[in-house]
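Reading the sequence shown from the start, the letters are residues 10 to 411 in the working numbering.
Take a look at the structure set out below.
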Amino acid sequence: MSCTPLDTEFRRLSPKFYTDEIVYQAELANIFGGRSWNYLCLMCEVPDAGAYIETYIGETPVVVVRDKSGDINAFVNRCTHRGSKVCIANKGKAKQFICPYHEWAFDLSGKLKGVPYRHGIDGKGGMPSDFNISDHNLTPVKVAVRNGVVFGSLAPDMDDLATYLGPKICSYFDRVCDGRPLKVIGKMRHIIKANWKLQIENVKDPIHAAILHSFFKVFGIWRSDQKTDVVVSETGSSSVLVSTASFDKLKPAKAESALSLADPRMIQHIREFEGGTGAVMTIWPNLIFLQQLNCLVMRHVRPDGASRCIQTWTFFGFQDEDISLTEQRLLQANLLGPAGFVTVDDNEVLELIQEDAVALGDTPVVLEAGEGMGDTDYMVSESAIRAFYRFYKSALGEQPHG
């Protein structure tokens, strides 16, 4: 059995790309372990010397820590002795990291500084005479920071982050993260029984937003009679869906329009940024940077096997903002968070797709809507998804077979 490749126009995709274990292992090695800048955390999550947080690149656990000089370091959370996690807590503060198994000690840059019983006991045992402590530092992760957002890569030869993102994505990234100090206002995590790519595709698809999400339709947040722009990066790897809400309710002829909000602040919009009321960005390979109304969130989609993923939601605002704006962001997290009025729709339908992907065999997934793989000023387009898979194919290398 082989995986049907993507066609040359990227309008057909084998569902095996969502289920095949060999494909998945190739993604871990060539995409997450390859030349990608992966979202790690917000810089404000490691505010001072010794502050650390655990995150992931693909399935690889990573520790991000601020050292005594104020620099941000990152390394693989795996002891170079026997492979145990060095850092057990998912966040905290430390002067050094000590492996719980044999107490090898590493400093805040990941350098090995101490090995118990290195010279044995009473002249017996211990490490061999040619044991070189500098050969056993923690595996480093290359780090880049842009306006308070930390990215990391397992590849040593990365382009600078601005080149990687490209001018289009940088402009939307900097539209929100403009250099003002950020603050975390909430964090959530949940599991979806669906391949990680399904979640990324979903946020590149403007069509479903005005069909699947009744809340959006009823309250005029995202509807087919409103302006929508699809902006695709120069390489096709990343994209932005820009929406402009009207906040007009559906006509009374629709029974669902009888619905009303007990708290209208749920869809209140205080204008902060130019260009639309929402911009939902996907940054290759698996970050969803969401600004919808006044809700701001980094959604880190972590692959966890071929058939499920783990999403970590980091809701944030600005350190100098008025408390009333922070409260509004938190309220709107109920709209867009893991169990929000909108996200629950996506969670359900993506799991339905994953359930049927095995049964579909070689029956292709169809990506026909719209023209090309570039920008559009209309909603009914799958151009951003096709562009994603064009880049995906080049990043994955030769198509694997199962």
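Where is the CB? At the ideal position from N, CA and C, for every residue including glycine.
All values reported here derive from a predicted model rather than from experimental measurement.
My output table needs one value for residue i: the three-state DSSP class, helix, strand or coil.
{"i": "G379", "result": "coil"}
{"i": "H145", "result": "helix"}
{"i": "T172", "result": "helix"}
{"i": "N39", "result": "helix"}
{"i": "S392", "result": "helix"}
{"i": "M290", "result": "strand"}
{"i": "V185", "result": "helix"}
{"i": "F350", "result": "coil"}
{"i": "T335", "result": "helix"}
{"i": "Y401", "result": "helix"}
{"i": "V32", "result": "helix"}
{"i": "Q301", "result": "strand"}
{"i": "F115", "result": "strand"}
{"i": "E360", "result": "helix"}
{"i": "L369", "result": "helix"}
{"i": "D131", "result": "coil"}
{"i": "P190", "result": "coil"}
{"i": "Y61", "result": "strand"}
{"i": "N86", "result": "coil"}
{"i": "L22", "result": "strand"}
{"i": "K177", "result": "helix"}
{"i": "I66", "result": "strand"}
{"i": "I279", "result": "coil"}
{"i": "C12", "result": "Bear in mind that a pLDDT of 45 at C12, under 50, signals an unreliable position, so the number given afterwards is only what the model happens to contain. If DSSP states are grouped into helix, strand and coil, C12 belongs with coil."}
{"i": "E407", "result": "Only weak support is given to the placement of E407: the predicted model assigns it a pLDDT of 46, under 50, and the value that follows is read from those uncertain coordinates. Three-state result, E407: coil."}
Taking the Cβ atom as the reference point for each residue, do residue i and residue j lie within a distance shorter than 8 Å?
{"i": "F327", "j": "A342", "result": "no"}
{"i": "I276", "j": "L302", "result": "yes"}
{"i": "E360", "j": "K202", "result": "yes"}
{"i": "T291", "j": "I209", "result": "yes"}
{"i": "V95", "j": "L147", "result": "yes"}
{"i": "F225", "j": "V351", "result": "yes"}
{"i": "A254", "j": "H222", "result": "no"}
{"i": "R75", "j": "A58", "result": "yes"}
{"i": "L49", "j": "F160", "result": "yes"}
{"i": "V193", "j": "M52", "result": "no"}
{"i": "K177", "j": "E243", "result": "yes"}
{"i": "L369", "j": "P24", "result": "yes"}
{"i": "P247", "j": "W231", "result": "Note on residue identity: the sequence assigns Ser, not Pro, to residue 247. Contact flag unset, no."}
{"i": "S78", "j": "N204", "result": "no"}
{"i": "A219", "j": "M388", "result": "yes"}
{"i": "V227", "j": "L268", "result": "yes"}
{"i": "S390", "j": "G379", "result": "yes"}
{"i": "V85", "j": "T69", "result": "yes"}
{"i": "A288", "j": "V239", "result": "no"}
Quick one: give me the first and last residue of the beta strand (DSSP E) that residue i is part of.
{"i": "W205", "result": "W205 -> not in any beta strand (DSSP E); alpha helix (DSSP H) instead, spanning 205-211."}
{"i": "K122", "result": "121-123"}
{"i": "V71", "result": "69-75"}
Residue i bridges to which residues according to DSSP?
{"i": "H199", "result": "Q320"}
{"i": "H309", "result": "L296, T321"}
{"i": "F106", "result": "F115"}
{"i": "V159", "result": "C50, V154"}
{"i": "F140", "result": "DSSP, once it has assigned bridges, lists no residue as partnering F140."}
{"i": "V240", "result": "V249"}
{"i": "F256", "result": "F256 pairs with nothing; no bridge assigned."}
{"i": "K100", "result": "I62"}
{"i": "G79", "result": "Answer is none; G79 lacks a bridge partner."}
{"i": "G326", "result": "K192"}
{"i": "V55", "result": "Partner(s): none; V55 has no beta bridge."}
{"i": "V95", "result": "Answer by DSSP bridge pairing: none, since V95 is not bridged."}
Specify, as a first and last residue, the run of the alpha helix (DSSP H) that residue i falls within.
{"i": "H217", "result": "215-218"}
{"i": "K226", "result": "223-227"}
Rounded C-beta distance between residue i and residue j? I'm assuming under 8 Å.
{"i": "V103", "j": "V150", "result": "Note on identity: in this sequence residue 103 is Ala, with Val being the wrong assignment. Between V150 and A103 the Cβ distance is about 17 Å, and since that is not below 8 Å, they are no contact."}
{"i": "I40", "j": "A404", "result": "5 Å"}
{"i": "V241", "j": "D384", "result": "6 Å"}
{"i": "N156", "j": "D183", "result": "6 Å"}
{"i": "R308", "j": "W293", "result": "About 14 Å separates the two Cβ atoms, so there is no contact after all."}
{"i": "I142", "j": "L121", "result": "5 Å"}
Using beta carbons (cut-off 8 Å, strictly below), is residue i in contact with chain C?
{"i": "I216", "result": "Protein chain content of the structure displayed is limited to a single chain, and chain C is not contained in it."}
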